[in-house]
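Participant:
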Amino acid sequence: MAKCAHCKKQGLFLKLNTMKLCDQCQKEYEVTIVPHIERWQNNVEFIKQNGNLAENLSYALDALESLSAIKEFGSTEIDIINAIDSTQRFKEVYDWLDDITDLIGGMIDQVEKSIFRNLRKLETATEDDLVQAFIESVRQAGATPSDLPYDISKSIHSILNNLVDDEHIVKNKIGDEYRYSISCD
Ligand SMILES: [Zn+2]
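Under my numbering, the first residue of the sequence shown carries the number 11, and numbering increases by one thereafter.
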């Protein structure tokens with residue numbers, strides 16, 4: 011007997027589409043799941059093109075959220091990702107994005123560590139000083155900035171702002187420039 015993969019409705023004459031969805035669930039799919047599929051795909055494209063770590067982290071988290079919604083709609087009955095693209099499976103797509111999210115998080119960690127290390131050394135520094143110090147440490151490690159999978163000069167600004175928001179570092183306007191230093195407490 012035909013059984014809808016989403017609402018589990020059963021019936022001898024129940025019409026199902028290729029995704030094993032009844033007419034009503036197909037409509038629900040178009041309204042609620044298709045936008046999630048687009049969001050997931052767009053976010054992955056953004057991540058591939060963008061060198062800003064903090065932005066990429068939010069794209070990755072957003073894409074994971076969309077994937078969870080897609081998975082939930084298909085329940086255990088149907089792999090929606092595989093249904094729309096037979097070369098992909100939900101688990102692979104999800105695990106890949108989950109790994110990417112961890113990687114981006116690890117890179118942000120490294121940039122933060124470099125910021126703290128340099129602020130301890132310099133006591134106070136501009137954003138540009140911190141970019142230069144970071145690039146210098148990359149060169150000392152025998153690499154060049156273009157070896158990195160992100161652009162440090164695009165990434166550092168929001169990482170610094172997040173550290174200021176979390177009160178780990180302070181930002182002061184001195185003359186016509188902003189200088190950063192480690193919080194006293
Ligand atoms: Zn249904």
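For every residue, glycine included, the Cβ atom is placed at its ideal position computed from N, Cα and C.
1) Under 7 angstroms from any heavy atom of ligand 1, by CB: list those residues in chain order, please.
2) Which residue from PRO159, GLU122, GLU133 and THR134 puts its Cα closest to that of PHE144?
3) Look up GLN98 in the DSSP assignment and say whether it is helix, strand or coil.
4) Evaluate the contact criterion for the segment 71 to 89 versus the segment 44 to 63: three or more CB pairs, one atom per stretch, below 8 angstroms.
5) CB-CB under 6 angstroms to GLY84, same chain, minus the five flanking residues each way: which ones, in chain order?
6) Count the CB pairs spanning the segment 93 to 109 and the segment 58 to 69 that are closer than 8 angstroms, and state whether there are at least three.
7) Taking just the CA atoms, how far does ASP108 sit from THR86?
8) Can you check DSSP and say which residues form a bridge with ARG189?
9) How would you call ASN5, buried or exposed, if buried means at least 16 neighbouring beta carbons within 10 angstroms?
10) How many Å lie between ASP105 and GLY115 at the Cα?
11) Using the three-state DSSP reduction, which class does LYS19 fall into: helix, strand or coil?
12) For LYS13, which of helix, strand or coil comes out of DSSP?
13) By the 10 Å Cβ neighbour count, where 16 or more other Cβ atoms means buried, how is ALA151 classified, buried or exposed?
14) Taking 8 angstroms as the cut-off, decide whether the C-beta atoms of ASP138 and LEU132 are in contact.
15) Bridge partners for ALA135 per DSSP, in chain order?
16) If we call anything under 8 angstroms between Cβ atoms a contact, is VAL141 one with ILE125?
17) Hey, could you find the ends of the alpha helix (DSSP H) ASN171 is sitting in?
Facilitator: Working from what's here:
1) CYS14, HIS16, CYS17, LYS19, LEU31, CYS32, GLN34 and CYS35
2) Counting from one through the sequence shown, the residue named residue 144 turns up at place 134. Nearest of PRO159, GLU122, GLU133 and THR134 to PHE144, Cα basis: GLU122.
3) Translated into the one-based positions of the sequence shown, residue 98 becomes position 88. In the structure shown, GLN98 sits in coil (DSSP, three-state: anything other than H, G, I, E or B).
4) yes
5) Here residue 84 refers to the residue found at position 74 when the sequence shown is read from its first residue. The answer, listed in chain order, is ILE90.
6) Contact annotation: the segment 93 to 109 does not touch the segment 58 to 69, with fewer than three C-beta pairs closer than 8 angstroms.
7) Along the sequence shown, read from residue 1 onward, the residue named residue 86 stands at position 76. Along the sequence shown, read from residue 1 onward, the residue named residue 108 stands at position 98. So the two alpha carbons sit approximately 20 angstroms from each other.
8) For this step, residue 189 is matched to residue 179 along the sequence shown. Beta-bridge pairing links ARG189 to ASN182.
9) Outside the shown range of the chain (11 to 195) lies residue 5, about which nothing can therefore be said.
10) Here residue 105 corresponds to residue number 95 of the sequence shown, with the count starting at 1. Here residue 115 corresponds to residue number 105 of the sequence shown, with the count starting at 1. Near 15 angstroms, if we compare the C-alpha coordinates of GLY115 and ASP105.
11) The residue given as residue 19 occupies position 9 in the sequence shown. Three-state DSSP puts LYS19 in coil, outside helix and strand.
12) Sequence index remark: in the sequence shown, residue 13 carries index 3 (1-based). In the displayed model, LYS13 falls within a strand according to three-state DSSP.
13) Translated into the one-based positions of the sequence shown, residue 151 becomes position 141. Exposed, since its Cβ has fewer than 16 Cβ neighbours within 10 Å.
14) If you number the sequence shown from 1, residue 138 lands on position 128. If you number the sequence shown from 1, residue 132 lands on position 122. No. Outside cutoff.
15) Reading the sequence shown from its first residue, position 125 is the one you call residue 135. DSSP output for ALA135 lists TYR190 as bridge partner(s).
16) Taking the sequence shown and counting its residues from 1, the one referred to as residue 141 is at position 131. Taking the sequence shown and counting its residues from 1, the one referred to as residue 125 is at position 115. No; because the gap between Cβ atoms is not below 8 angstroms, this pair is not in contact.
17) Taking the first residue of the sequence shown as position 1, residue 171 is located at position 161. Per DSSP, ASN171 belongs to the alpha helix (DSSP H) from 162 to 175.
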